[in-house]
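Novice: I'd like to ask you about the structure that follows.
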Amino acid sequence: MSNLEVWDGTISQKDFYVAARTLVERWKQVNPSLPQWTWIPSKSTLMGSSCKEEGYLSLENMFHIDRNEECLIVDSFSEREETDDVATLVHSTSNETHIYDFHIVYSFSYKVPVLYFHGYQSDGQPLSMDEIENDLPPSSSKILRESKWTYMTLGEHPYVRRPWYTLHPCATSDWMKLLLGGTSMKDLDISSYLLSWLSVVGQAIGLRIPLELQQSSNSSSSRRGATKSPTGTEAVEARSGQ
Amino acid sequence: MATTELCSEEALRFIWGGAIPLQIHLHESEVTTLPPPPPALILGPRIGYLPLLVPLLKPYFSSTLPPGVDTVWFDYKGLPLKWNIPTGVLFDLLCAEPERPWNLTVHFRGHPGETLIPCESEDNVKWSFINALKEAAYVINGNCKNVMNLSQADQFELWQSLMKGNVEAYQRIASRLKLGPIGEDCTLKTGAGQPRQALGEADTAGSSRVGRIPVRLYVRNIIQDLDDFDEATAVDSWDSISYINRPVEIHKHEGHLLTLRTALKALLPEIFDDETMPDNQIFSKEEGCQVTNPSFEDYETPNSLRNVETEEASIISDSVVLSKKPKVKLIRIQGIELDLSIPFFWVVNNLMNPDYFIHICVFTEASPSQVLVR
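Here the protein sequences line up with chains R and A, keeping their order. Residue numbers for the first sequence follow my numbering, beginning at 1 and rising by one. Residue numbers for the second sequence follow my numbering, beginning at 1001 and rising by one.
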């Protein structure tokens, strides 16, 4: 494994921008009726004109829908074409409704995307850690209880500069390497990086990732197999085509 | 061993011994007794974190607190302080002109959850530190396995030694993490004959490897046409401070000539432009002649340190900067106002925090006209 050609699971900032555009486009094709991922350019003037690609991805106003024992599903309250047998929409405007905003930020330290999210009630009141934990898929809330400080914590959002929840990225490059297994640098379609990444991270936080999102992406997705969740304590099957 | 030449034991001890005299007032809204309690006087270690002072403050103020549940936080002139930033860095950043004692306000109630991460226990601080250490390890080695693989006992001891300021105990464990020192070419030195990583990670080996140094950069713009920092207004919002958390990347052949200036230029190309920043330009005439050393001034400054700090610092450049860009007024690391021509490897090896990050405060100054343009 000393071959330097072997991809290490990380992504450069420039490629992150490229992959972000791919995610934005694919999401729009697959989920035209859901809230859309948008690219938010950084407002900082310090980094200069050299960094037009500096910024983050944002998906806001996703409604949490509790479907019994099933994984937490986060969904838009707008219409969906999904044919799930469980009630799909929650039109309730009570304070019980939980709304989530998701941001994908590039970490220069870890050279991988990092998910930041923020949950609040319909009146704007932020959700407590306990409320968020209840909204998580059972597998994630279990990990959260076991590794309180190394899985998901409140941290400062690097652009918004406010406390947001974040999933720790220290194992991301490892599971991305497994996810796109053994790909050498030259065969790697880096533009599909975020689609694959989101298939794992989305599951961890209960963000439903439409199956089609990855299907038409590159050949590497077919090599995808079982992999580990961010903490490595539980196997998660990445959502693959049926 | 080469280690002793690269890192000064003396510098390390000064970094660990540095402390800010704090005068901590209980916020008036939480005073329920007359007369109000006098402020608490405490030495806050520079490498420590404000919540770690709570066990000292709580008994001091507890009898006057209104009923309720504690979530302790601090402010300086109304600015809520981020507890995950080391105390010395907060001081360097927020007190343009060092204030002694540093007057802070402590609150046990009314935590501003919108802007501050709550700190409920020492565990919050510990894990914030460990996560920073992990991040630094990842930056340096391409993985954080050495930190993750610390035994519970070692992790506990590492944290205890930081809290107690026990540098020897800290070094004993930290040296096993293989995160330093770096050589003059700014690449990681490892013990002779020792495999650099038992794990054989491809990304940590090979001659094409890019060296990465963990840096946290805080850029504060002083919007004033003043030479006198005393009159610099207090920071009223964190929005006026830019925070840049990204590594300095060094290609092997560049490492030897790398100065603090070159390193900062890589992170802030717009500000550390060669044209706008001729050598020694950072010091105004007044400051150039009296380089102060806030963290060490209570001590006898060792010659080795003093030389580095004052060398060339008094040379005054009269070149006029016509650029519209913000001008760099001051660079401060560990309370020391640094000249930009210092070799970067020296800064890294000697001035880093125990989390293996170099925390750099940069003060820039925009002329009033620039401010209007915005």
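Cβ atoms here follow ideal geometry from the backbone N, Cα and C, with glycine treated the same way.
Measuring straight from C-alpha to C-alpha, what distance separates R:Glu-146 and A:Leu-1079?
Specialist: Mapped onto the first sequence, residue 146 of chain R falls at position 146. Mapped onto the second sequence, residue 1079 of chain A falls at position 79. Whole-angstrom Cα-Cα distance: 35 Å.
Novice: Would R:Leu-154 pass as an interface residue toward chain A - the criterion being a Cβ-Cβ separation below 7 Å?
Specialist: Along the first sequence, read from residue 1 onward, the residue named residue 154 of chain R stands at position 154. Yes, R:Leu-154 counts as interfacial toward chain A.
Novice: When the distance is taken between beta carbons, is R:Asp-15 closer than 7 Å to R:Ile-190?
Specialist: By one-based count along the first sequence, residue 190 of chain R stands at place 190. By one-based count along the first sequence, residue 15 of chain R stands at place 15. Contact: yes.
Novice: Can you tell me which of A:Glu-1168, A:Lys-1082, A:Leu-1257 puts its alpha carbon nearest to the alpha carbon of R:Pro-163?
Specialist: Counted from its first residue, the first sequence places residue 163 of chain R at position 163. Nearest of A:Glu-1168, A:Lys-1082, A:Leu-1257 to R:Pro-163, Cα basis: A:Lys-1082.
Novice: How do the segment 1344–1356 of chain A and the segment 1038–1045 of chain A stand: do at least 3 beta-carbon pairs fall below 8 Å, yes or no?
Specialist: Too few Cβ pairs lie closer than 8 Å, so no.
Novice: A:Phe-1216 by DSSP, collapsed to three states: which one?
Specialist: Sequence index remark: in the second sequence, residue 1216 of chain A carries index 216 (1-based). Note on residue identity: the sequence assigns Arg, not Phe, to residue 1216 of chain A. Note: A:Arg-1216 maps to strand in three-state DSSP.
Novice: Taking only the alpha-carbon atoms, compute the straight-line gap between A:Glu-1300 and A:Glu-1254 and give it to the nearest angstrom.
Specialist: Indexing the second sequence from 1 puts residue 1300 of chain A at position 300. Indexing the second sequence from 1 puts residue 1254 of chain A at position 254. With a pLDDT of only 35 at A:Glu-1300, under the threshold of 50, the placement of this residue in the model should not be trusted, and no figure is reported.
Novice: Using a beta-carbon distance cut-off of less than 7 Å, what residues from the segment 100–113 of chain R approach chain A?
Specialist: Within the segment 100–113 of chain R, the qualifying residues are Phe-108, Ser-109, Tyr-110.
Novice: Are three or more beta carbon pairs between the segment 1175–1187 of chain A and the segment 1209–1219 of chain A nearer than 8 Å?
Specialist: Touching, yes.
Novice: Listed from N- to C-terminal order along the chain, which residues in the segment 1160–1184 of chain A have their beta-carbon within a distance smaller than 9 Å of any beta-carbon of chain R?
Specialist: Going along the segment 1160–1184 of chain A in chain order, one finds no residue with a Cβ nearer than 9 Å to chain R.
Novice: Quick one: Cα of R:Arg-161 to Cα of R:Gly-181, how far?
Specialist: The sequence position of residue 161 of chain R within the first sequence is 161, counting from 1. The sequence position of residue 181 of chain R within the first sequence is 181, counting from 1. Spanning the two alpha carbons is a distance of roughly 35 Å.
Novice: Take the Cβ of A:Val-1069 as the centre, count every other Cβ of all protein chains shown within 10 Å, and call the residue buried at 16 or more, exposed below.
Specialist: Counting from one through the second sequence, the residue named residue 1069 of chain A turns up at place 69. Looking at its Cβ environment, which holds fewer than 16 other Cβ atoms inside 10 Å, A:Val-1069 is exposed.
Novice: Check the Cβ-Cβ distances between A:Cys-1119 and every residue of chain R, and say whether any is below 7 Å.
Specialist: On the second sequence, position 119 is the one that residue 1119 of chain A refers to. No, A:Cys-1119 lies away from the interface with chain R (no Cβ there is under 7 Å from its Cβ).
Novice: Could you work out which residue in R:Ser-128, R:Phe-117, R:Lys-111 is closest to R:Ser-100 when comparing CA atoms only?
Specialist: Locating residue 100 of chain R in the first sequence gives position 100, counting from the first residue. The residue you asked about is not Ser; residue 100 of chain R is Tyr in the sequence shown. Nearest option by C-alpha distance: R:Phe-117.
Novice: Consider the Cβ of A:Lys-1134: report whether some Cβ of chain R lies at a distance smaller than 7 Å.
Specialist: On the second sequence, residue 1134 of chain A is found 134 positions in, with the first residue counted as 1. It does; some Cβ of chain R falls within 7 Å.
Novice: Taking just the CA atoms, how far does R:Pro-138 sit from A:Leu-1041?
Specialist: Position 41 of the second sequence holds residue 1041 of chain A. Position 138 of the first sequence holds residue 138 of chain R. Taking the straight line joining both Cα atoms gives about 48 Å.
Novice: In the DSSP assignment, find the beta strand (DSSP E) that holds A:Ile-990 and state where it starts and stops.
Specialist: Nothing about residue 990 of chain A can be reported from this structure: the residues present for chain A run from 1001 to 1374 only.
Novice: Interface residues of chain R around A:Thr-1115 at Cβ under 9 Å?
Specialist: Within the second sequence, the letter at position 115 stands for residue 1115 of chain A. Near A:Thr-1115 (Cβ distances below 9 Å), the residues of chain R are Arg-161, Arg-162, Pro-163.
Novice: Could you check if R:Met-305 is buried or exposed, using at least 16 other CB atoms within 10 Å of its CB as the buried criterion?
Specialist: Residue 305 of chain R lies beyond the stretch modelled for chain R, which goes from 1 to 242, so this question has no answer here.
Novice: Which residues bound the alpha helix (DSSP H) around A:Ile-1015?
Specialist: In the second sequence, counting from the first residue as 1, residue 1015 of chain A sits at position 15. Residues 1009–1017.
Novice: Helix or strand or just coil, what does DSSP make of A:Gly-1044?
Specialist: Start at 1 with the first residue of the second sequence, and residue 1044 of chain A comes out as number 44. Looking at A:Gly-1044 - three-state DSSP - the assignment turns out to be strand.
Novice: Contact criterion: CB-CB distance below 7 Å. Does A:Trp-1083 meet it with respect to chain R?
Specialist: On the second sequence, residue 1083 of chain A is found 83 positions in, with the first residue counted as 1. Taking Cβ atoms only, chain R never reaches closer than 7 Å to A:Trp-1083, which makes this a no.
Novice: Check for me: the alpha helix (DSSP H) holding A:Leu-1093 runs from which residue to which?
Specialist: As a working mapping, residue 1093 of chain A is identified with position 93 in the second sequence. Looking at the DSSP string, the run of the alpha helix (DSSP H) that includes A:Leu-1093 is 1087–1094.
Novice: Look at the Cβ atom of R:Gly-55, then the Cβ atom of R:Ser-42, and state whether they are nearer than 7 Å.
Specialist: Counting from one through the first sequence, the residue named residue 55 of chain R turns up at place 55. Counting from one through the first sequence, the residue named residue 42 of chain R turns up at place 42. In this structure, R:Ser-42 lies closer than 7 Å to R:Gly-55 by Cβ.
Novice: Would a C-beta distance cut-off of 7 Å place R:Leu-179 and R:Ser-192 closer than the cut-off?
Specialist: Start at 1 with the first residue of the first sequence, and residue 179 of chain R comes out as number 179. Start at 1 with the first residue of the first sequence, and residue 192 of chain R comes out as number 192. Their beta carbons are not under 7 Å apart, which means R:Leu-179 does not touch R:Ser-192 by this criterion.
Novice: Let me check one thing: in DSSP terms, what residues is R:Gln-121 bridge-paired to?
Specialist: For the purposes of this step, residue 121 of chain R is taken as the residue at position 121 of the first sequence. Paired residues: R:His-98.
Novice: Tell me whether A:Val-1210 is buried or exposed, calling it buried when 16 or more other Cβ atoms sit within 10 Å of its Cβ.
Specialist: Counted from its first residue, the second sequence places residue 1210 of chain A at position 210. Looking at its Cβ environment, which holds fewer than 16 other Cβ atoms inside 10 Å, A:Val-1210 is exposed.
Novice: Bridge partners of A:Val-1210, per DSSP?
Specialist: Looking up residue 1210 of chain A in the second sequence gives position 210. Per DSSP, A:His-1251.
Novice: So the beta strand (DSSP E) R:Gly-55 belongs to, where does it begin and stop?
Specialist: Within the first sequence, residue 55 of chain R is the residue found at index 55, counting from 1. Its beta strand (DSSP E) spans residues 55–65.
Novice: Determine the direct distance from the alpha carbon of A:Ile-1085 to that of A:Ser-1128, and round the result to whole angstroms.
Specialist: For the purposes of this step, residue 1128 of chain A is identified with residue 128 of the second sequence, where counting begins at 1. For the purposes of this step, residue 1085 of chain A is identified with residue 85 of the second sequence, where counting begins at 1. Using only the alpha carbons, I get a separation of about 10 Å.
Novice: On the DSSP letters alone, give me the boundaries of the beta strand (DSSP E) that A:Lys-1329 sits inside.
Specialist: For the purposes of this step, residue 1329 of chain A is identified with residue 329 of the second sequence, where counting begins at 1. Here the beta strand (DSSP E) through A:Lys-1329 covers 1327–1333.
Novice: So what's R:Ser-184 in DSSP terms, helix, strand or just coil?
Specialist: For the purposes of this step, residue 184 of chain R is taken as residue 184 along the first sequence, with counting starting at 1. Residue state, collapsed to three classes: strand.
Novice: Looking at A:Ile-1241: is its Cβ nearer than 7 Å to the Cβ of A:Val-1328?
Specialist: Residue mapping note: residue 1241 of chain A aligns to position 241 of the second sequence, counting from 1. Residue mapping note: residue 1328 of chain A aligns to position 328 of the second sequence, counting from 1. No. Outside cutoff.
Novice: Any Cβ of chain R within less than 7 Å of the Cβ of A:Val-1215?
Specialist: Sequence index remark: in the second sequence, residue 1215 of chain A carries index 215 (1-based). Closer than 7 Å: no.
Novice: How is the alpha helix (DSSP H) around R:Glu-156 delimited, first residue to last?
Specialist: What you label residue 156 of chain R is simply residue 156 of the first sequence in a count that begins at 1. Not the alpha helix (DSSP H): R:Glu-156 falls in the beta strand (DSSP E), residues 152–156.
Novice: Does the beta carbon of R:Ser-44 come closer than 7 Å to any beta carbon on chain A?
Specialist: Counting from one through the first sequence, the residue named residue 44 of chain R turns up at place 44. Chain A contact via Cβ: present.
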